[in-house]
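S.K.:
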Amino acid sequence: MPCHAEYHDHGFASRSLRFLTPSSAEDDAAAPIERVQVSCTDECDRYRIRNRSYQQQYAGLYYSRLKLMRNRCHAAAQRQWPQIPHVPRLLNVEVARTCFLIGTFFIDMPLKTNILDEVTQDQWLELPPPRDKIFSDKDEYKLEDESGRVVLVGDILESHTLVSGVIAAFLGHELPSGEFHVDDICFATPGPCLPLPPAAGPDAPKRYVALVSGIELGAPNSLAPELDLLVDYLCGELGGPTDAPASLVRVIVAGNTLTTSAWVALSTEEKEMAALMVRRREKEEERAADGVSTAPSAAGPVPVLETADDLLFQLASTVDVDVLPGALDPATHTMPQQPLHRGLFPRAGALSTFHPTTNPYAAVVGGRRLLGTSGQPVDDIFHYLDSDDRLAMLERTYRWKHVAPTAPDTLWSYPFPDSDPFTIDATPDLYFAGNQPAFATTTIPASPDADGPPEHPSLAGRSVRLVLVPSFRKTRQFVRIDLDTMDCDVISISTHL
């Protein structure tokens, strides 16, 4: 069960704030904590883009998605509707014959942002006010495969629980008007999950992973006191009797370590210095690859980057740290976002425990498969659905077996020509979204057919922990996951009595 804990500093006025100035040599020389050792396997390689090209169209991404998920949708449909025939090509469906179709679901939405808005902005014309929700009574639902496209109708579609880009099987029949009336929908079967780790003995040390997002260094209103407490806790210098410092085995920073406003506010000289830091780091890596040892570069005079480097250096000096890029970070903005460059963080980047990763993020830590994003897919889906329940939106992406279904329609994405790395092919133990307005968590069965035999033997009795990681700047909270039980608690940082 999730629980809640708070940490307060009752004598904060007398403490030095390390994030107002870089950490001292005395801080750097502090005795390291002997952390519990766990294995970690990086599974982000599928999200890394080696040779970038934008010459291709997005059709290849959609066709790849359908090709990858069609068989899994067919298997799910046969389990759910064993007596119903499948029509493999949409244009071969017959009037009044009950069947099921498999394809890519799309919504034509008049309120959806389009390229004309960009032209209007360039021409200095007044833009329509931004909308939190883009669905309307004029939306039209369609299903597409390689043969063509059909219009979908039915009350089940009017509940606004689907988004563009979802691959699914639709049960129904064609009307004389040529529309396909939908009576039921099912989604791809889940992939296998890892075997459960051996049960921990009563005297075995705990193993925790911390999830924090939305630090947003450089934003107005300094969080220096709260950041001091956060780093103290994660470094093992703060906590109660149940917070054994050695039990924290990894910290995942789920995006928005910096802010767009801070990056834009940099002077031309500061931006040039940041670029120089990146180029210097690249040269150091080239020399290292040639066997030439070089000393780490000193941080350049870019205050917000120095602050971020100091924070990450302090964390990575005591524990492994994975850092995802987010919507506000100086990184590629198309999904999947590529790792923040080590050259931006000279001190942290010199540590082997500092791991810039992609967004989405995937890893196996201590025998548990972790999957998550910095939150953009959930933020984008929020606009489609007649609901404010973001946890339910995260759950739907798991049921749809796709991390970012609205990419590339309304969520920027790289135009992969012959693959789709966003499909969920293996069942995670933990599935999270960062930078959310509030903390929320639940567990759901790994298999949607809880009463029947699972699609894979490994799914029997298994569940997935879903977590909305709150923005630290908005909530002063972060999340802790027990790798042995997958229990989850939220920890609040407060500088007040």
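Residue numbering for the sequence shown follows UniProt numbering, starting at 1 and increasing by one per position.
Virtual Cβ for every residue (Gly too), placed ideally from N, Cα, C.
1. Report the option in 252, 464, 425 whose CA atom is closest to the CA atom of residue 72.
2. Under the three-state reduction of DSSP, which class applies to residue 483: helix, strand or coil?
3. Look at residue 319 and residue 250 and say whether their C-beta atoms are less than 8 Å apart.
4. Which whole-angstrom value describes the C-beta separation of residue 383 and residue 132, a residue pair presumed to lie in contact below a C-beta threshold of 8 Å?
5. On a Cα-Cα basis, can you pick out the residue from 113, 108, 148, 145 that is closest to residue 137?
6. For residue 542, does the count of other Cβ atoms within 10 angstroms reach 16, so buried, or fall short, so exposed?
7. Use the C-beta contact count for residue 196: other C-beta atoms within 10 angstroms, 16 or more gives buried, fewer gives exposed.
8. Between the alpha carbons of residue 38 and residue 247, how many angstroms are there, rounded?
9. Do residue 186 and residue 169 have their beta-carbon atoms positioned less than 8 Å apart in this structure?
10. What is the DSSP secondary structure of residue 141, counted as helix, strand or coil?
11. Decide if residue 401 is buried, meaning its Cβ has at least 16 other Cβ atoms within 10 Å, or exposed.
12. State the DSSP-derived secondary structure class of residue 347, mapped to helix, strand or coil.
13. Taking DSSP's pairing of strands, which residues face residue 174 in a bridge?
14. Just grab the DSSP bridge partners of residue 362 for me.
15. Between the C-alpha atoms of residue 470 and residue 478, what's the straight-line distance to the nearest angstrom?
16. What would DSSP say about residue 435, mapped onto helix, strand or coil?
17. Please name the residue in 361, 360, 358, 342 whose C-alpha comes closest to that of residue 352.
18. For residue 97, does the count of other Cβ atoms within 10 angstroms reach 16, so buried, or fall short, so exposed?
19. State the DSSP-derived secondary structure class of residue 335, mapped to helix, strand or coil.
20. So for residue 37, helix, strand or coil by DSSP?
21. With distances taken from CA atoms, which of 476, 419, 462 is nearest residue 49?
22. Anyone know if the C-beta pair for residue 91 and residue 148 falls short of 8 Å?
23. For residue 489 and residue 483, I'd like the C-alpha separation in whole angstroms.
24. Name the residue from 487, 486, 472 whose alpha carbon lies nearest to the alpha carbon of residue 226.
25. Can you pull the DSSP bridge partners for residue 87?
26. Could you give the DSSP three-state label for residue 456: helix, strand or coil?
27. Which term fits residue 362, buried or exposed, when burial requires 16 or more other beta carbons within 10 angstroms of its beta carbon?
28. For residue 320, report the span of its beta strand (DSSP E) as first-last.
29. Would you grab the beta carbon distance between residue 175 and residue 183 for me? Rounded to a whole angstrom, and I think it's under 8 Å.
30. Tell whether a beta-carbon distance below 8 Å holds between residue 427 and residue 328.
31. Is the distance from the Cβ of residue 406 to the Cβ of residue 164 below 8 Å?
32. Going by alpha carbons, who is nearest to residue 504 out of 385, 443, 429, 388?
33. Keeping to the same chain, check which residues put their C-beta closer than 6 Å to that of residue 62; ignore five residues upstream and five downstream.
34. Helix, strand or coil for residue 131, going by three-state DSSP, please let me know.
35. Going by alpha carbons, who is nearest to residue 230 out of 480, 69, 459?
36. How would you call residue 89, buried or exposed, if buried means at least 16 neighbouring beta carbons within 10 angstroms?
M.R.: Answer, in terms of the structure:
1. On the sequence shown, position 72 is the one that residue 72 refers to. Taking only the C-alpha atoms, the option nearest residue 72 is 425.
2. Position 483 of the sequence shown holds residue 483. Coil at residue 483, not helix or strand.
3. As a position in the sequence shown, residue 319 is number 319, starting the count at 1. As a position in the sequence shown, residue 250 is number 250, starting the count at 1. Yes.
4. Locating residue 383 in the sequence shown gives position 383, counting from the first residue. Locating residue 132 in the sequence shown gives position 132, counting from the first residue. Taking a contact as a CB-CB distance under 8 Å, the pair residue 383 and residue 132 counts as one, their CB atoms being some 7 Å apart.
5. For the purposes of this step, residue 137 is identified with residue 137 of the sequence shown, where counting begins at 1. Closest option to residue 137, Cα to Cα, is 108.
6. Absent from the model: residue 542. The displayed extent of the chain is 1 to 497, so no value can be given.
7. Residue 196 sits at position 196 when you count from the first residue of the sequence shown. Here residue 196 is exposed. Its C-beta has fewer than 16 other C-beta atoms within 10 Å.
8. As a first step, residue 38 is located in the sequence shown; it is residue number 38 there, counting from the start. As a first step, residue 247 is located in the sequence shown; it is residue number 247 there, counting from the start. Distance between residue 38 and residue 247, taken at the CA atoms: about 10 Å.
9. If you number the sequence shown from 1, residue 169 lands on position 169. If you number the sequence shown from 1, residue 186 lands on position 186. Their beta carbons are under 8 Å apart, which means residue 169 touches residue 186 by this criterion.
10. The residue given as residue 141 occupies position 141 in the sequence shown. Three-state result, residue 141: strand.
11. For the purposes of this step, residue 401 is identified with residue 401 of the sequence shown, where counting begins at 1. That one is buried.
12. Stepping through the sequence shown from its first residue, residue 347 is reached at position 347. Helix, per DSSP.
13. Position 174 of the sequence shown holds residue 174. According to the DSSP secondary-structure assignment, residue 174 is paired through a beta bridge with 95, 180.
14. Against the sequence shown, residue 362 aligns to sequence position 362. Answer is 371, bridged to residue 362.
15. Mapped onto the sequence shown, residue 470 falls at position 470. Mapped onto the sequence shown, residue 478 falls at position 478. About 7 Å.
16. One-based indexing of the sequence shown puts residue 435 at position 435. Residue state, collapsed to three classes: strand.
17. As a working note, residue 352 is residue 352 in the sequence shown. For residue 352, the closest alpha carbon among the candidates 361, 360, 358, 342 is that of 342.
18. Taking the first residue of the sequence shown as 1, we reach residue 97 at position 97. Result: exposed.
19. Here residue 335 is taken as the residue at index 335 of the sequence shown, counted from 1. Strand.
20. To locate residue 37, count along the sequence shown from 1; it is residue 37. Three-state result, residue 37: coil.
21. As a working note, residue 49 is residue 49 in the sequence shown. That would be 419, whose Cα lies nearest to the Cα of residue 49.
22. Within the sequence shown, the letter at position 91 stands for residue 91. Within the sequence shown, the letter at position 148 stands for residue 148. Cβ atoms of residue 91 and residue 148: closer than 8 Å.
23. One-based indexing of the sequence shown puts residue 489 at position 489. One-based indexing of the sequence shown puts residue 483 at position 483. When only Cα atoms are considered, residue 489 and residue 483 end up about 12 Å apart.
24. Residue mapping note: residue 226 aligns to position 226 of the sequence shown, counting from 1. Here the closest residue by C-alpha is 472.
25. The residue you call residue 87 lines up with position 87 of the sequence shown. Residue pairing of residue 87 in beta bridges, as defined by DSSP: absent, with no partner found.
26. Numbered from 1 along the sequence shown, position 456 holds the residue referred to as residue 456. DSSP, read as helix, strand or coil, puts residue 456 in coil.
27. The count along the sequence shown starts at 1 and reaches residue 362 at position 362. The residue in question, residue 362, is buried, as its Cβ has 16 or more Cβ neighbours within 10 Å.
28. Within the sequence shown, residue 320 is the residue found at index 320, counting from 1. In the DSSP assignment, residue 320 falls within the beta strand (DSSP E) that extends over 320 to 324.
29. Within the sequence shown, residue 175 is the residue found at index 175, counting from 1. Within the sequence shown, residue 183 is the residue found at index 183, counting from 1. Rounded, the Cβ-Cβ distance is 12 Å, inconsistent with contact.
30. Walking along the sequence shown from the start, residue 427 turns up at place 427. Walking along the sequence shown from the start, residue 328 turns up at place 328. With a cutoff of 8 Å on beta-carbon distance, residue 427 and residue 328 are scored as not near each other.
31. For the purposes of this step, residue 406 is taken as the residue at position 406 of the sequence shown. For the purposes of this step, residue 164 is taken as the residue at position 164 of the sequence shown. With contacts defined as CB atoms closer than 8 Å, residue 406 and residue 164 qualify as a contacting pair.
32. The displayed coordinates of the chain run from 1 to 497. Any statement about residue 504 would go beyond what the structure contains.
33. The residue given as residue 62 occupies position 62 in the sequence shown. Contacts found: 104.
34. As a working note, residue 131 is residue 131 in the sequence shown. It is coil, neither helix nor strand.
35. Within the sequence shown, the letter at position 230 stands for residue 230. The residue from 480, 69, 459 with its alpha-carbon nearest to that of residue 230 is 480.
36. Sequence index remark: in the sequence shown, residue 89 carries index 89 (1-based). So residue 89 ends up on the exposed side.
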